[in-house]
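**Q** To convert, take the position in the sequence shown, counting from 1, and add 97; that gives the working numbering. One structure, as structure tokens, below. Some questions next.
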Amino acid sequence: MILNWIFLHNFNMIRSTAHWLNKRVMAGAVSVKPFTVFVEGNIGSGKTTFLNHFARPDVDLLSEPVDMWRNVEGHNLLGLMYENPSRWGLTFQTYVQLTMLDLHTRTSTHPVKMMERSIYSARYCFVENLAREELMPAADYVVLDEWFKWITSHFHIGGDLIVYLRTCPEVVFERMKARAREEESCVPLEYLRKLHKLHEDWLLNQTKFCCPAPVMVLDANRDLSEMEEEFRKCEPIFSAALQKT
């Protein structure tokens, strides 16, 4: 009886997921693709500040869905992952893939679409770190990677520009402590150093993974209140994109 229930539960979940994915494929086939920007960087690098700088009627701003990760029908997956990554890494990153795919495929009527992080940094930085630190079993890593490869080959989710907010790990560590998110209270400096190296290898060195778009690097080590000058370096690119629409 229990086995039958599990089978039906899994079957219904797979059927529902397939239906959702099919709707996304059809929606992507008819929508007009805006100029899409991925804002990437370490924890505390100033991504939200960057998005707020470009808040205007012709820009669609999509924040990282942290609130969804904190409350999945009452379960704080983000907190669980930080507390016990070996146990919750696969669960959390599976949900990250789903919620980020939703942002990637969400239709927009704006000429510019700006996303805080992407499904690519989730895979190339955060999932990769779990695997390298042996906090994720090889089988879990392979399953996540198979999902990632299927998603990126069946959906038009590539971007037009990556803005990399480059920071020193020590700088973002102090920012992280200052903003005092409960889930991040146990995050050590060494974790930020490892994420920094993975971002560098992906976006600058390109030693293992390819970039889905050209990369523009901004120095984000300055005080966040003084970052306006760095952010303005992106203005000509966005203005050119708007003129083409």
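No residue lacks a Cβ here, since even glycine has one placed at the ideal position from N, Cα and C.
With DSSP as the reference, label S113 as helix, strand or coil.
**A** In the sequence shown, the residue the question calls residue 113 occupies position 16. At S113, the pLDDT of 49 sits below 50, so the modelled position is not reliable and the matter cannot be decided from this model.
**Q** Do M211 and V134 come within 7 Å of each other at the CB atom, strictly closer than that value?
**A** By 1-based counting over the sequence shown, the position of residue 134 is 37. By 1-based counting over the sequence shown, the position of residue 211 is 114. Yes.
**Q** Buried or exposed: which applies to E327, given that a residue is buried once 16 or more other Cβ atoms fall within 10 Å of its Cβ?
**A** Translated into the one-based positions of the sequence shown, residue 327 becomes position 230. Counting Cβ neighbours within 10 Å, E327 comes out buried, since at least 16 surround it.
**Q** Given this structure, state the Cα-to-Cα distance separating S183 from L175, to the nearest angstrom.
**A** Here residue 183 is taken as the residue at index 86 of the sequence shown, counted from 1. Here residue 175 is taken as the residue at index 78 of the sequence shown, counted from 1. Straight-line Cα distance between these residues: approximately 13 Å.
**Q** Got a sec? Which residues, its chain only, sit under 6 Å from F245 by beta carbon, not counting five neighbours each side?
**A** Counting from one through the sequence shown, the residue named residue 245 turns up at place 148. Once the five neighbours on either side are set aside, the close Cβ partners of F245 are R220.
**Q** Rounded to the nearest angstrom, how far is the Cβ of P131 from that of P208, given a contact under 8 Å?
**A** Mapped onto the sequence shown, residue 131 falls at position 34. Mapped onto the sequence shown, residue 208 falls at position 111. The Cβ separation is near 6 Å, so the contact holds.
**Q** Under 7 Å between the Cβ atoms of L321 and G143?
**A** Residue numbering aside, residue 321 sits at position 224 when the sequence shown is read from its first letter. Residue numbering aside, residue 143 sits at position 46 when the sequence shown is read from its first letter. Yes, they are a contact pair.
**Q** Assign Q340 to buried or exposed, taking buried as 16 or more other Cβ atoms, counted over all protein chains shown, within 10 Å of its Cβ.
**A** Counting from 1 along the sequence shown, the entry for residue 340 is found at position 243. Per the 10 Å Cβ criterion, exposed.
**Q** Might you give, ordered along the chain, the residues of its own chain that have their beta carbon closer than 6 Å to the beta carbon of R167, omitting 5 neighbours on each side?
**A** Working through the sequence shown from its first residue, we reach residue 167 at position 70. Result list for R167: N173 and L175, in chain order.
**Q** When you compare the CB positions of A317 and L258, do they come within less than 7 Å of one another, or not?
**A** Residue mapping note: residue 317 aligns to position 220 of the sequence shown, counting from 1. Residue mapping note: residue 258 aligns to position 161 of the sequence shown, counting from 1. Result no, Cβ atoms of A317 and L258 do not sit closer than 7 Å.
**Q** Suppose the cutoff is 6 Å on Cβ atoms and the five residues either side in sequence are ignored; what does the same chain contact list for W299 look like?
**A** What you label residue 299 is simply residue 202 of the sequence shown in a count that begins at 1. Y221 and F306.
**Q** Distance, Cα to Cα, S282 vs N139?
**A** The residue labelled residue 282 in the question sits at position 185 within the sequence shown. The residue labelled residue 139 in the question sits at position 42 within the sequence shown. One C-alpha to the other measures close to 16 Å.
**Q** Quick one: measure Cβ to Cβ for V344 and V269, integer angstroms, because I've assumed they're closer than 8 Å.
**A** The structure shown has nothing for residue 344, since the chain only spans 98 to 342.
**Q** Taking only the alpha-carbon atoms, compute the straight-line gap between V239 and E323 and give it to the nearest angstrom.
**A** Looking up residue 239 in the sequence shown gives position 142. Looking up residue 323 in the sequence shown gives position 226. Those two C-alpha atoms are separated by around 42 Å.
**Q** What residues in its chain sit with their C-beta under 8 Å from that of G256, if we drop five residues either side in the sequence?
**A** Position 159 of the sequence shown, counting from 1, holds the residue named residue 256. Result list for G256: T133, V134, F135, M212, S215, P309 and A310, in chain order.
**Q** Mind checking whether L315 and L262 have CB atoms under 7 Å apart?
**A** Translated into positions along the sequence shown, residue 315 becomes position 218. Translated into positions along the sequence shown, residue 262 becomes position 165. It is a contact, given that the beta carbons lie within the stated cut-off.
**Q** Is G345 helix, strand or coil by DSSP?
**A** The displayed coordinates of the chain run from 98 to 342. Any statement about residue 345 would go beyond what the structure contains.
**Q** Using only alpha-carbon positions, find the residue among M273, E161 and A235 that is nearest to L187.
**A** Walking along the sequence shown from the start, residue 187 turns up at place 90. Answer by Cα proximity: A235.
**Q** Return the chain-ordered list of same chain residues with a C-beta closer than 7 Å to the C-beta of L232, the five sequence neighbours on each side being excluded.
**A** Within the sequence shown, the letter at position 135 stands for residue 232. Excluding positions up to five away in sequence, the list reads P182, S183 and G186.
**Q** Among residues of its own chain, excluding the 5 on either side of H150, which ones have a beta-carbon nearer than 6 Å to its beta-carbon?
**A** For the purposes of this step, residue 150 is taken as residue 53 along the sequence shown, with counting starting at 1. Once the five neighbours on either side are set aside, the close Cβ partners of H150 are F328.
**Q** Alpha carbon to alpha carbon, how far is T202 from T249?
**A** Looking up residue 202 in the sequence shown gives position 105. Looking up residue 249 in the sequence shown gives position 152. Each residue's alpha carbon lies about 11 Å from the other.
**Q** Give me whichever residues DSSP pairs with F135 in a beta bridge.
**A** Reading the sequence shown from its first residue, position 38 is the one you call residue 135. Beta-bridge pairing links F135 to M212 and I259.
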